[in-house]
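2 protein chains.
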Amino acid sequence: MATAAPVVKTGPRERLITTAQRLFAAEGIRSVGVDRLCAEAKVSKRSLYQHFSGKDEVVAAALHAQADQHYLGLHRDDGLPPRDRVIAVFERLDHRARSPEFQGCPFIGAASELKDRAHPASVVAHEQKLGLTAHFADLLAQGGAREPDLLAQQLTLIFDGASVHGVMHGGATPATLGAVETLLAAHGM
Amino acid sequence: MATAAPVVKTGPRERLITTAQRLFAAEGIRSVGVDRLCAEAKVSKRSLYQHFSGKDEVVAAALHAQADQHYLGLHRDDGLPPRDRVIAVFERLDHRARSPEFQGCPFIGAASELKDRAHPASVVAHEQKLGLTAHFADLLAQGGAREPDLLAQQLTLIFDGASVHGVMHGGATPATLGAVETLLAAHGM
DNA sequence: TAAGATGTACACCGATCGGTGTATATCCCC
DNA sequence: GGGGATATACACCGATCGGTGTACATCTTA
């Protein structure tokens, strides 16, 4: 009976972060109060304020944790050549957008809702977006594309546009892959 | 002394809508309460609820009014050929994004913050985005582009991506015009 | 000038906001 | 087994939330 309990035994901090990710994605940041957040995370309000200085810090921490998962999920290296890995990012995004519970890129959502660029969560969102572009630039350089930095910015435009499309219209983004391939081809890749 | 008063004599409804546009753009929809909205619009709270059924309807009305202005501002016809008019849309967007008070596309902002696609304001935002794509498709068809509908969707991706870039990073979107020109060229335009 | 519509001023409602104070329970480690 | 850290329960704070009730002022129009 040693390995009987499959419960992962997560602490209050993790529970708050995962719950925050779920609730903020589904309903928005401002419309979820700390009371409800604590209730759904099964964490006392007092504990929240022992781990975080305030709601803003919870938001930033949730977004920061999401950045890692997001990154790992989209940019997973499958041993494919660089071009295929670029394509795969957009295929995975399209696949996510098909899910009915897709609520758009959480970083765009946070930045759009918070407005204030000095908000800790906005800073995290900003960095994540820079990271996405940098990752594109890396892959493109590996693949021998011309002007990889410029092309990486253009692919980021497509990526964000597709995320917005997903949250506004729901469903897949059929024009995305074509645009990506056109841009890649125009840069010799 | 007939034309002495330059005051436009706006009614409570117009004042509420223009104030809502300004405040929602600057601080977000959920973070502006009806009390403050009424105070800044110099309209009594009672009047608000005589013109609108609730805050949600104010949001939708503000967005609806903004759709017309937005459309007129971006898609103004200067007697240019279709291709130049497409380019001009992105040049105007870039020009707006350079302004320090640029707060991103209000329709993307509303959809991102509200989440609920059934919200009246989300419906307005959705329609506006369809209108943008339709306008692109019209210009592209006039210009003789191949697959104008597909290309219009791709240009909308770029447009929304550039709007997001503007609100997240601030400043211009240098890669935008190049991507547009590449896509246009790939479709024979 | 009387009447009805429109607008304002202001108090009020229950609910929720983000955040704190206090006292008790549970855990791990020495 | 005792002690400190960690967590919980719960009451409480002033402020604000969206929305309403009521009484008075102003404007238009017949």
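The listed protein sequences correspond, in order, to chains A and B.
Just so it is clear: in the first sequence, position 48 is 48 by UniProt numbering, and no numbers are missing.
Just so it is clear: in the second sequence, position 155 is 155 by UniProt numbering, and no numbers are missing.
We treat Cβ as the ideally placed atom computed from N, Cα and C, and that holds for glycine.
In this text, all values refer to a predicted model and were calculated from it rather than measured experimentally.
- [ ] Report the neighbours of A:I158 on chain B: residues whose CB is nearer than 9 Å to its CB, in chain order.
- [x] Q154, L157, I158, G161, A179
TODO: Check whether the stretch 10-28 of chain A touches the stretch 59-75 of chain A, counting contact only when three or more Cβ pairs, one atom from each stretch, lie closer than 8 Å.
DONE: yes
Task: Closest by C-alpha distance to B:R13, when choosing among B:S31, B:Y49, B:R22 - done: B:Y49
TODO: Could you tell me whether the Cβ of B:H165 comes closer than 8 Å to any Cβ of chain A?
DONE: yes
Task: C-beta neighbour in chain B for A:E27, strict 8 Å - done: yes
Task: Exposure label - A:A185; buried when at least 16 CB within 10 Å - done: exposed
Task: Contact under 8 Å by Cβ, B:A179 with B:A97 - done: no
Open item on the list: Strictly under 8 Å for the Cβ-Cβ distance: is B:S112 near chain A by that measure?
Closed with: yes
Open item on the list: Quick check on DSSP: helix, strand or coil for B:R30?
Closed with: coil
Task: With 16 other Cβ atoms within 10 Å as the buried cut-off, status of A:A4 - done: Because A:A4 carries a pLDDT of 33, less than 50, the predicted location of this residue cannot be relied on, and no value is offered for it.
Task: Complete runs of the alpha helix (DSSP H) confined to the stretch 108-181 of chain B [at least 4 residues] - done: 120-142, 148-169
Open item on the list: Taking only three categories from DSSP, how would you classify A:Q103?
Closed with: coil
Task: Rounded separation between residue 211 of chain B and B:P100 - CA only - done: Residue coverage of chain B in this structure runs from 1 to 189, which leaves residue 211 of chain B outside it and unanswerable.
Task: Closest residue to A:L114 among B:T10, B:M168, B:P81, B:D77 (Cα-Cα distance) - done: B:M168
Open item on the list: Within 10 Å of its beta-carbon, does A:A134 have 16 or more other beta-carbons around it, so buried, or fewer, so exposed?
Closed with: exposed
Open item on the list: Can you find the residues in the same chain that come closer than 7 Å, C-beta to C-beta, to A:P120, ignoring five residues on each side of it along the sequence?
Closed with: D56, E57, A60
Open item on the list: Below 8 Å, how does it come out for the stretch 148-160 of chain A and the stretch 87-96 of chain A: are there three or more Cβ pairs, yes or no?
Closed with: yes
Open item on the list: 8 Å is my cut-off, CB to CB: does B:M189 come that close to chain A?
Closed with: no
- [ ] Give me the Cα-Cα distance between B:G143 and A:A26, rounded to the nearest whole angstrom.
- [x] 41 Å
Open item on the list: Once DSSP output is grouped into helix, strand and coil, what is the label at A:T19?
Closed with: helix
Open item on the list: Between which residues of its own chain and B:L139 is the CB-CB distance below 7 Å, once the five residues before and five after are set aside?
Closed with: P82, R85, V86
Task: C-beta contact flag for B:R30 and A:R76 at 8 Å - done: no
Open item on the list: Check whether chain A comes within 8 Å of B:G170, counting only Cβ atoms and requiring the distance to be less than that.
Closed with: yes
- [ ] Can you tell me which of the three DSSP states A:P81 falls into?
- [x] coil
- [ ] Name, please, each residue of chain B whose Cβ falls closer than 7 Å to the Cβ of A:L183.
- [x] A179, T182
Task: Separation of B:G28 from B:V109, as counted between CA atoms - done: Per the sequence shown, residue 109 of chain B should be read as Gly rather than Val. Using only the alpha carbons, I get a separation of about 8 Å.
Open item on the list: At the 8 Å Cβ level, is A:M1 part of the contact set with chain B, yes or no?
Closed with: With a pLDDT of only 34 at A:M1, under 50, the local geometry of the prediction cannot be trusted, and the value read off the model is given with reservation. Not one chain B Cβ lies under 8 Å of A:M1.
TODO: Could you tell me the distance, in whole angstroms, from the CA atom of A:M189 to the CA atom of A:S122?
DONE: 33 Å
Task: B:R76 in three-state terms, based on DSSP - done: coil
Task: Inter-residue spacing [alpha-carbon to alpha-carbon] between B:G11 and B:H165 - done: 36 Å
Open item on the list: Do B:F136 and B:A118 count as a contact pair if the criterion is CB distance below 8 Å?
Closed with: no
TODO: Could you list which residues in chain A have their beta carbon closer than 8 Å to that of B:Q103, in chain order?
DONE: K115
Open item on the list: At the level of alpha carbons, what is the spacing between A:S112 and A:V124?
Closed with: 13 Å
- [ ] From the DSSP output, in three-state form, read off A:A5 for me.
- [x] Note that A:A5 scores 34 on pLDDT, short of 50, meaning its location in the model is unreliable and no value can be drawn from it.
Task: Residues near B:R146 by beta carbon distance below 6 Å, same chain, minus five either side - done: H187, G188
Open item on the list: Please return the same chain residues whose Cβ sits closer than 7 Å to the Cβ of B:V32, not counting the five positions on each side in sequence.
Closed with: L23, F24
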